[in-house]
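First residue of the sequence shown? That's 294 in full-length UniProt numbering, and the numbers climb one at a time after it. Ideal placement from N, C-alpha and C gives every residue a C-beta, glycine not left out. If you're wondering where the values come from, they're calculated on a predicted model, not measured in any experiment. Contents: one structure, followed by commentary.
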Amino acid sequence: KNANRAMQDAKLRQGNSYDYYHHKMSVAIERELALEAEFRSALRHGQLRLFYQPRVCIATGQVIGYESLIRWQHPTRGLLMPDEFIPSAERSGMIVPMGYWVVEQACRDLARLQELGYDELICAVNLSFRQFYDKKLSETVFRIIYNANINTGNLEFELTESAMMYDQEYTQKCLKQLTQLGVSFSLDDFGTGYSSFANIQQLPVSTIKIDKSFIENVTTSADDEVIVRAIISLAHNLQINVVAEGVETEAQLAFLKRHHCDEAQGFLYSRAVDFDTFLTYLCAAKAA
Ligand code: C2E
Ligand code: CA
Ligand code: CA
Ligand code: CA
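And the structure:
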């Protein structure tokens, strides 16, 4: 009799845990769908913003470019950071139209800067590997930047190694087409992926950006110090420009300068800010 009851209990628990799991899953799916719909409307209603963070030449201290970073000015939740909506946009495919908006906005702002005489600045734009799923990527980007009133030689796209992993042949074709417009490419988050230097030689990449996780401990961890020095020296042997991201302290900057890293980006100089604030930053930097 006891054994019977124990079996019934177990069945009930199983049933309950199934219901519980099923419930949690449908809540997660609903939340994801709601976020997707909300993001779709954000794109339509102009709630996305492009912020800019300077990239500085370590040897001269001059601002030589900037990275474009997306934000979502949410009507009730405030300014949302990319990690709050990019993963979902990648899963839903909304990253594709979002990515085109980013390129368009970056070109509009770059045109304004070039008109104001800042015509040497490199404007870097992030491309997600998921944007390469769109078979019209190079065609569409080509059309956007061809129609923008900019010098395309000042445009740089930041890729991660996952873009190379997805479909090497297609990626290479896309990059080659865009290179013909004069744009350049950099490899982002360098050191976090696989076979990094093997990828570099097969692609038209002129810059690598050392991931901020290595820079964070570069003055305190012997391992990270060795890695960063090795990346810089290998890149230089291949005539590749090196940017350190996530530079927050003078000590990190001094280390990078000692080891001939080309450029630095990080809170030490500025966070990513809106266009007007960035313009003020550029003015002050020029006067200094
Ligand atoms: P990422 O491309 O590696 O961008 C650098 C991130 O590091 C940015 O975070 C930037 O604000 C942050 N950062 C810069 N300096 C420092 C520093 O000194 N310390 C620390 N702790 N962080 C620093 P953000 O803006 O939150 O962007 C996160 C990621 O979202 C980006 O990483 C990129 O993968 C993605 N993302 C941002 N904008 C876009 C976009 O327009 N398109 C695509 N596809 N992805 C984007
Ligand atoms: Ca980036
Ligand atoms: Ca990065
Ligand atoms: Ca990253």
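Practice task
Please report the residue range of the alpha helix (DSSP H) in which residue 481 lies.
Solution key: The residue you call residue 481 lines up with position 188 of the sequence shown. Here residue 481 belongs to no alpha helix (DSSP H); instead the beta strand (DSSP E) covers 477–483.
Exercise for the section: Given a cut-off of 8 angstroms, decide if residue 484 and residue 507 are closer than it, judged by their beta-carbon atoms. Expected result: Indexing the sequence shown from 1 puts residue 507 at position 214. Indexing the sequence shown from 1 puts residue 484 at position 191. Yes; because the gap between Cβ atoms is below 8 angstroms, this pair is in contact.
Handout entry: Alpha-carbon spacing of residue 502 relative to residue 390, whole angstroms
Key = On the sequence shown, position 209 is the one that residue 502 refers to. On the sequence shown, position 97 is the one that residue 390 refers to. One C-alpha to the other measures close to 26 angstroms.
Exercise for the section: Tell me where the alpha helix (DSSP H) around residue 527 begins and ends. Expected result: The residue labelled residue 527 in the question sits at position 234 within the sequence shown. Its alpha helix (DSSP H) spans residues 515–530.
Exercise for the section: May I ask whether a heavy atom of ligand 1 can be found less than 7 angstroms away from the beta carbon of residue 356? Expected result: Looking up residue 356 in the sequence shown gives position 63. False, no ligand heavy atom lies under 7 angstroms from that Cβ.
Problem - Check whether residue 535 and residue 517 have beta carbons under 8 angstroms apart - result: Along the sequence shown, read from residue 1 onward, the residue named residue 535 stands at position 242. Along the sequence shown, read from residue 1 onward, the residue named residue 517 stands at position 224. Cβ atoms of residue 535 and residue 517: not closer than 8 angstroms.
Exercise for the section: Compare the C-beta of residue 423 with all C-beta atoms of chain C and state if any pair is closer than 8 angstroms. Expected result: Of the protein chains in this structure there is only one, and it is not chain C.
Handout entry: Distance between residue 512 and residue 327 (C-alpha atoms, nearest Å)
Key = Along the sequence shown, one-based indexing puts residue 327 at 34. Along the sequence shown, one-based indexing puts residue 512 at 219. Distance between the alpha carbons of residue 327 and residue 512: 44 angstroms.
Exercise for the section: Please say whether residue 409 and residue 358 have beta carbons closer to each other than 8 angstroms? Expected result: In the sequence shown, residue 358 corresponds to position 65, counting from 1. In the sequence shown, residue 409 corresponds to position 116, counting from 1. For residue 358 and residue 409, no; Cβs fall outside 8 angstroms.
Problem - Proximity below 8 angstroms, CB of residue 434 to CB of residue 396 - result: Sequence index remark: in the sequence shown, residue 434 carries index 141 (1-based). Sequence index remark: in the sequence shown, residue 396 carries index 103 (1-based). Yes; because the gap between Cβ atoms is below 8 angstroms, this pair is in contact.
Exercise for the section: Could you spell out the range, first to last residue, of the beta strand (DSSP E) harbouring residue 348? Expected result: By 1-based counting over the sequence shown, the position of residue 348 is 55. Residue 348 -> beta strand (DSSP E) spans 341–350.
Exercise for the section: Since I believe residue 452 is in contact with residue 478 (beta carbons under 8 angstroms), could you give me their beta-carbon distance rounded to a whole number of angstroms? Expected result: Here the question's residue 478 lines up with position 185 in the sequence shown. Here the question's residue 452 lines up with position 159 in the sequence shown. Going by Cβ atoms, the distance from residue 478 to residue 452 rounds to 6 angstroms, so yes, they are a contact pair.
Practice task
Assign residue 576 to buried or exposed, taking buried as 16 or more other Cβ atoms, counted over all protein chains shown, within 10 Å of its Cβ.
Solution key: Looking up residue 576 in the sequence shown gives position 283. With fewer than 16 other Cβ atoms within 10 Å, it is exposed.
Handout entry: Runs of beta strand (DSSP E) wholly within the stretch 402–464 (minimum 3 residues, chain order)
Key = If we require 3 residues or more, the beta strand (DSSP E) runs fully inside the stretch 402–464 come out as 415–419, 448–452.
Handout entry: Segment limits, alpha helix (DSSP H) that includes residue 545
Key = Locating residue 545 in the sequence shown gives position 252, counting from the first residue. According to the DSSP assignment, residue 545 belongs to the alpha helix (DSSP H) that extends over 543–551.
Practice task
Can you check DSSP and say which residues form a bridge with residue 536?
Solution key: For the purposes of this step, residue 536 is taken as the residue at position 243 of the sequence shown. According to DSSP, residue 536 bridges with 502, 556.
Exercise for the section: Taking residue 572 as part of the beta strand (DSSP E), name the residues at either end of that continuous run. Expected result: The residue labelled residue 572 in the question sits at position 279 within the sequence shown. Segment 568–580 is the alpha helix (DSSP H) holding residue 572; no beta strand (DSSP E) there.
Problem - Three-pair Cβ contact test at 8 angstroms for the stretch 543–557 versus the stretch 568–575 - result: no
Practice task
Kindly identify the DSSP beta-bridge partner or partners of residue 356.
Solution key: As a working mapping, residue 356 is identified with position 63 in the sequence shown. Per DSSP, 349.
Handout entry: Burial state of residue 504 (16 or more Cβ within 10 Å)
Key = Taking the sequence shown and counting its residues from 1, the one referred to as residue 504 is at position 211. When all chains shown are included, residue 504 counts as buried.
Problem - Per-residue DSSP class, three states only, for residue 334 - result: Counting from one through the sequence shown, the residue named residue 334 turns up at place 41. Note: residue 334 maps to helix in three-state DSSP.
Handout entry: Rounded separation between residue 586 and residue 325 - CA only
Key = There is simply no residue 586 to check, as the chain begins at 294 and stops at 581 in what is shown.
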